[in-house]
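**Student:** Heads up, the sequence shown is in the working numbering, so the first residue is 4 and it goes up one at a time. Right, I'll just put the structure down here and ask away after.
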Amino acid sequence: MGAADTNPMAVVEVWDRALRAGDWDTARTALADDATYVTLNDEDTTCTNAEEIVGLMRSWKGKVPDVEVVEWETIGSRVLAHLRQPAWDDATWFQVLTVEGGLIRRLEDHPTREAALAAMGDVGA
Numbered sequence: 004m005g006a007a008d009t010n011p012m013a014v015v016e017v018w019d020r021a022l023r024a025g026d027w028d029t030a031r032t033a034l035a036d037d038a039t040y041v042t043l044n045d046e047d048t049t050c051t052n053a054e055e056i057v058g059l060m061r062s063w064k065g066k067v068p069d070v071e072v073v074e075w076e077t078i079g080s081r082v083l084a085h086l087r088q089p090a091w092d093d094a095t096w097f098q099v100l101t102v103e104g105g106l107i108r109r110l111e112d113h114p115t116r117e118a119a120l121a122a123m124g125d126v127g128a
């Protein structure tokens with residue numbers, strides 16, 4: 004990914020743009036093969052590899068409006084995203100995206116910023 008290798012936010016921006024464009028090949032290249040995604044309150048939709056994650060994102064595309072990003076914050080090798088889905092009564096949540104080696108290795112949803120930061124407690128920024 005070039006310059007994105009050393010910049011977690013650049014990797015996440017490639018991922019976000021690809022999802023919004025429905026560019027599934029580019030989205031897939033932003034993820035490590037063994038990337039995981041833990042959704043909020045629904046262990047049944049936990050994904051354990053890149054293909055599952057892209058498949059889940061693809062299944063939602065066009066069924067609900069794209070998730071809106073309220074704010075991004077880079078903390079060490081992770082990006083904290085404050086997200087909003089207008090179709091779900093303006094539901095908001097926080098997602099921690101862990102980037103290693105220029106690839107997203109883990110996406111994890113949390114109900115609050117505090118919960119997300121607590122999960123990131125081992126980060127040495």
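Don't be surprised by glycine CBs; every beta carbon is placed ideally from N, CA and C. In this text the structure is predicted, and so the values were computed from the model without any measurement.
Between which two residues does the alpha helix (DSSP H) holding residue 120 run?
**Tutor:** Unbroken alpha helix (DSSP H) run through residue 120: 116–122.
**Student:** Which one of 11, 112, 108 has the shortest CA to CA distance from residue 53?
**Tutor:** 108
**Student:** From the DSSP output, in three-state form, read off residue 34 for me.
**Tutor:** Residue 34 carries a strand assignment under DSSP once its states are collapsed to helix, strand and coil.
**Student:** Mind reading off the beta-carbon distance from residue 83 to residue 119? Whole number of angstroms is fine, and I expect it under 8 Å.
**Tutor:** Indeed they touch by this definition, with Cβ atoms about 6 Å apart.
**Student:** Note the first and the last residue of the continuous beta strand (DSSP E) segment covering residue 100.
**Tutor:** 94–103
**Student:** To the nearest angstrom, how far is the alpha carbon of residue 96 from that of residue 122?
**Tutor:** In a straight line, the C-alpha of residue 96 is about 14 Å away from that of residue 122.
**Student:** In three-state DSSP terms, what is residue 29?
**Tutor:** DSSP places residue 29 in helix when its eight states are reduced to three.
**Student:** Within 8 Å, do at least three Cβ pairs link the stretch 22–35 to the stretch 53–70?
**Tutor:** yes
**Student:** Take residue 114 as the anchor and find which of 28, 13, 89, 94 has the nearest alpha-carbon.
**Tutor:** 94
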